[in-house]
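Line by line, the protein sequences give chains C and Y.
Here the first sequence is numbered in this note's numbering, starting from 501 and rising by one per residue.
Here the second sequence is numbered in this note's numbering, starting from 501 and rising by one per residue.
Protein chains: 2
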Amino acid sequence: MNEGNTARTLAPIALGGSRERGIDRVLTLFAYLNACGRPVRIADLPKALGAPRSTIYEIVRVLAEAGMVEVTGNDNKVFFGRAMYLYGTSYFRSNDLIRRGSSEVEALSTLTGETSELCMLNRNRQAIIHTHPGSRPMRISSQVGSQFPIPWTASGRLLLSQKSPDEIRDLIQPDDLILPDRRVVDIERFIEECIDARGKSVVITRGLINSFSQCLAAPILGIDGEVQATICLVLSIEVSDDQRAVLQEQLIASGRNLSMGTVRTKLT
Amino acid sequence: MNEGNTARTLAPIALGGSRERGIDRVLTLFAYLNACGRPVRIADLPKALGAPRSTIYEIVRVLAEAGMVEVTGNDNKVFFGRAMYLYGTSYFRSNDLIRRGSSEVEALSTLTGETSELCMLNRNRQAIIHTHPGSRPMRISSQVGSQFPIPWTASGRLLLSQKSPDEIRDLIQPDDLILPDRRVVDIERFIEECIDARGKSVVITRGLINSFSQCLAAPILGIDGEVQATICLVLSIEVSDDQRAVLQEQLIASGRNLSMGTVRTKLT
DNA sequence: AGGCTTTGTCTGGTATACCGGACAGAAGTC
DNA sequence: GACTTCTGTCCGGTATACCAGACAAAGCCT
Numbered sequence: 501m502n503e504g505n506t507a508r509t510l511a512p513i514a515l516g517g518s519r520e521r522g523i524d525r526v527l528t529l530f531a532y533l534n535a536c537g538r539p540v541r542i543a544d545l546p547k548a549l550g551a552p553r554s555t556i557y558e559i560v561r562v563l564a565e566a567g568m569v570e571v572t573g574n575d576n577k578v579f580f581g582r583a584m585y586l587y588g589t590s591y592f593r594s595n596d597l598i599r600r601g602s603s604e605v606e607a608l609s610t611l612t613g614e615t616s617e618l619c620m621l622n623r624n625r626q627a628i629i630h631t632h633p634g635s636r637p638m639r640i641s642s643q644v645g646s647q648f649p650i651p652w653t654a655s656g657r658l659l660l661s662q663k664s665p666d667e668i669r670d671l672i673q674p675d676d677l678i679l680p681d682r683r684v685v686d687i688e689r690f691i692e693e694c695i696d697a698r699g700k701s702v703v704i705t706r707g708l709i710n711s712f713s714q715c716l717a718a719p720i721l722g723i724d725g726e727v728q729a730t731i732c733l734v735l736s737i738e739v740s741d742d743q744r745a746v747l748q749e750q751l752i753a754s755g756r757n758l759s760m761g762t763v764r765t766k767l768t
Numbered sequence: 501m502n503e504g505n506t507a508r509t510l511a512p513i514a515l516g517g518s519r520e521r522g523i524d525r526v527l528t529l530f531a532y533l534n535a536c537g538r539p540v541r542i543a544d545l546p547k548a549l550g551a552p553r554s555t556i557y558e559i560v561r562v563l564a565e566a567g568m569v570e571v572t573g574n575d576n577k578v579f580f581g582r583a584m585y586l587y588g589t590s591y592f593r594s595n596d597l598i599r600r601g602s603s604e605v606e607a608l609s610t611l612t613g614e615t616s617e618l619c620m621l622n623r624n625r626q627a628i629i630h631t632h633p634g635s636r637p638m639r640i641s642s643q644v645g646s647q648f649p650i651p652w653t654a655s656g657r658l659l660l661s662q663k664s665p666d667e668i669r670d671l672i673q674p675d676d677l678i679l680p681d682r683r684v685v686d687i688e689r690f691i692e693e694c695i696d697a698r699g700k701s702v703v704i705t706r707g708l709i710n711s712f713s714q715c716l717a718a719p720i721l722g723i724d725g726e727v728q729a730t731i732c733l734v735l736s737i738e739v740s741d742d743q744r745a746v747l748q749e750q751l752i753a754s755g756r757n758l759s760m761g762t763v764r765t766k767l768t
């Protein structure tokens, strides 16, 4: 019933009915479909995206023709299409880090029995690129493709660790500082934590996204030492210190394993 | 050195310098990136796509900001980006057939030792959705994401088998009828072959894409009996009749396995 | 170094892509 | 069946996205 809540966060600004480019409409549409995670009725899109009906129908028609989205036969719902999958696969094939990272996540998760994730920055969000659930009876896991506000996660602190305070301030929207339980993260405190994360081989956050989990994240470094991604473990808050120390070592090893040019240069 | 050969097949018409929509430029760009299969210098795009420089730079900037493409740091090449991967994954997750089909391809290929592929229609091309190379010393295989003119393949005949002659004529461009060795497929003959394929449980083509391979394709049927995709085997032309008969049965079983509602309804 | 080509940025003008709104058909409501 | 709401299509006007072309910076040859 509440219209446009999602739209307000997705649509660039969407004031007053100012005219907008087709390409921007398309990008907003994609983001919205991804956020929904399932087919959406075309008729709902104008409201949800704050766009005129005629525009939406035209855009969907063009995108459907190109295979970027598909329209289901009977009830006119749209979702991503085959072409999107092909292009995404193309990216995956070309991207060594994601390929290696995905299999490292599987390995780490199998080894430890815990949920493991590969995370990267996507604009001003932290995206779950790949994940493998743990083998414990109570799994804690998030969906591939879902995106979190950066301040919610340990990975986020690492991913921003090489940015300047001003860059961080620019990147973080006020909304992003509100945790799921309504607590608010102080931006200055967050910036400190990011800078603190610089060069660290592991960062831990506890009780941020919820009260019963903690997140251990290790950086994956590029050829010139910048943080390209993180690999992380999602643990129950109750894991013993000893256990965590072991897991932490394995996590750091995985992160180092995926990093470029840092380990190999070591002399025997 | 030959400029624009690819562009001519990709760009809608692109005559005379008529103005074109941003969204169409974007779709052309995506298709071109996919056709190249690797990062492309931004500076080459205006020539390749028949678009003005200023437009290309603007479009790439916007798409890069949204993460749909990425620009490499040093030599300004563009390729698909993380967002494309996320959205593609989203499609994959929502699409049962591709998920099951991909694993069936793996299974069939492992079982037979031959190259296997999952194919679907994508606009007026046949797309390789998933593939697994055979275990023979001389592999014959094509890349995931690559797209062929429909008349080149056995799968193509199945995928069009339920269309009317007029629909087929509309779909097939004159260029598509030219085989890699310059022979030309007769459109009327091709239409007959498509209609022939209607209801067949396997279609075989020999020496079409090259002289040393043959392609066996089996339909994957949707709930109401229409061909949604095909699964196929790429074999050396020299495989014995006996061998082929065995492979053919396994292929048909895989296709039936992936089809909806046809087998399960059988009485014991 | 001097010319030549290539690359990326910027700007103003105009063809047109997007918008608003009208319209008809479908679907629900009483 | 009359009335309201919702869905999808169509059309003319205008704000503007795209284009052409100029410019500077950087390569790249002799």
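Glycine included, each C-beta is placed from N, C-alpha and C at the ideal position.
Could you check how far apart the C-beta atoms of residue i and residue j are, in whole angstroms? I think they sit under 8 angstroms.
i: VAL703/C; j: ARG744/C; result: Their Cβ separation, rounded to whole angstroms, is 13 angstroms, which puts VAL703/C and ARG744/C out of contact at 8 angstroms.
i: TYR532/Y; j: ILE542/Y; result: TYR532/Y to ILE542/Y, Cβ: 12 angstroms. No contact.
i: SER642/C; j: GLY537/Y; result: Incorrect: roughly 31 angstroms between the Cβ atoms, too far for contact.
i: PRO539/C; j: PHE579/C; result: 4 angstroms
i: ALA583/Y; j: MET568/Y; result: 5 angstroms
i: GLU617/C; j: CYS732/C; result: 5 angstroms
i: LEU691/Y; j: SER661/Y; result: First, the amino acid is wrong: residue 691/Y is Ile here, not Leu. About 11 angstroms; that fails the 8 angstroms criterion.
i: THR615/C; j: GLY588/C; result: 23 angstroms between Cβ atoms; not a contact.
i: ILE720/C; j: GLY550/C; result: That belief does not hold up - the Cβ atoms of ILE720/C and GLY550/C are roughly 37 angstroms apart, past 8 angstroms.
Starting from residue i, follow the alpha helix (DSSP H) in both directions and report where the run begins and ends.
i: ALA654/C; result: 654–659
i: ARG665/Y; result: It should be pointed out that residue 665/Y corresponds to Pro in this sequence rather than to Arg. Counting along the chain, the alpha helix (DSSP H) containing PRO665/Y begins and ends at 665–671.
i: ALA543/C; result: It is not in any alpha helix (DSSP H) - ALA543/C carries neither H nor E in the DSSP assignment.
Pick helix, strand or coil for residue i, following the three-state DSSP scheme.
i: ASN622/C; result: strand
i: PHE592/C; result: helix
i: SER554/Y; result: helix
i: VAL526/C; result: helix
i: THR572/Y; result: coil
i: ARG682/C; result: coil
i: ARG599/Y; result: helix
i: SER642/Y; result: coil
i: ARG706/C; result: strand
i: SER635/C; result: coil
i: PRO614/Y; result: This sequence places Glu at residue 614/Y; Pro is not what is there. Coil at GLU614/Y, not helix or strand.
i: ALA511/Y; result: Here the model assigns ALA511/Y a pLDDT of 37, short of 50, so the residue's position is not dependable and the matter cannot be decided.
At which residues does the beta strand (DSSP E) containing residue i begin and terminate?
i: GLN728/Y; result: 727–736
i: ILE720/C; result: 713–721
i: LYS700/C; result: It is not in any beta strand (DSSP E) - LYS700/C carries neither H nor E in the DSSP assignment.
i: VAL746/Y; result: Where VAL746/Y is concerned, there is no enclosing beta strand (DSSP E), although the alpha helix (DSSP H) it sits in stretches over 741–758.
i: PRO649/C; result: 647–649
i: VAL578/C; result: 577–580
Do the CB positions of residue i and residue j come within less than 8 angstroms of each other?
i: GLU604/Y; j: ASN757/Y; result: yes
i: ALA654/C; j: ALA717/C; result: yes
i: PHE712/Y; j: SER740/Y; result: no
i: ALA729/Y; j: MET620/Y; result: yes
i: ILE559/C; j: GLY522/Y; result: no
i: GLY699/Y; j: MET760/Y; result: no
i: HIS632/C; j: GLU606/C; result: yes
i: ARG481/C; j: THR572/C; result: No answer is possible for residue 481/C: it lies beyond the span of chain C, which begins at 501 and ends at 768.
Cutting at 6 angstroms between CB atoms, please list the residues of its own chain near residue i, excluding the five before and the five after it.
i: ARG625/Y; result: GLN647
i: GLN714/C; result: ARG706, LEU735 and ILE737
i: VAL685/C; result: PRO651 and LEU677
i: ASN576/C; result: ILE542
i: SER754/Y; result: GLU604, LEU608 and ILE731
Using a Cβ-Cβ cutoff of less than 7 angstroms, which residues in the same chain neighbour residue i once the five nearest sequence positions on both sides are dropped?
i: ILE752/Y; result: SER701, VAL702 and ALA718
i: GLN750/C; result: LEU608, LEU611 and THR612
i: PRO680/C; result: ILE709 and ASN710
i: GLU693/C; result: ARG657
i: ARG553/Y; result: PRO546
i: GLN748/Y; result: VAL702 and LEU716
Residues in the same chain with beta-carbon distance under 8 angstroms from residue i, minus the five sequence neighbours each way, listed in chain order, please.
i: GLY645/C; result: ASN534, GLY537, ALA627 and ILE628
i: ARG599/C; result: PHE592 and ARG593
i: LEU527/Y; result: none
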